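In the UniProt record's numbering, the protein residues as written are 1 to 76.
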């Protein structure tokens, strides 16, 4: 099982930071009831950006007040 450090940023709210598995990320996404939410598993397996350092970022931005992003980095 892979472990990640993550930050979930929702426009107008305090960032949520933590450490967990991909299952933990999927639960977090579901619990936050985010605008424009696609299935959590799809978000984790289809990031918007993959960094050279192994980081992944999913961005939901349709130009409105419901912008949010999730960034997760392998934790070793």
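In this text, a Cβ means the ideal position worked out from N, Cα and C, and glycines have one as well.
These figures come from a predicted structure and were not determined experimentally.
inquiry  = Classify residue 2: buried if its beta carbon has 16 or more other beta carbons within 10 angstroms, exposed otherwise.
reply    = exposed
ask   = To which residues of the same chain is residue 8 closer than 6 Å at the C-beta, ignoring the five residues directly before and after it?
value = 16 and 70
task = Look up residue 50 in the DSSP assignment and give the residues it is bridged to.
result = According to DSSP, which records beta bridges pairwise, residue 50 is partnered with 56.
task = Output the residue ranges of the alpha helix (DSSP H) runs that lie fully inside the region 5 to 32 and measure 4 residues or longer, sorted by chain position.
result = 22 to 32
ask   = Are residue 48 and residue 57 touching if we call contact CB-CB under 8 Å?
value = yes
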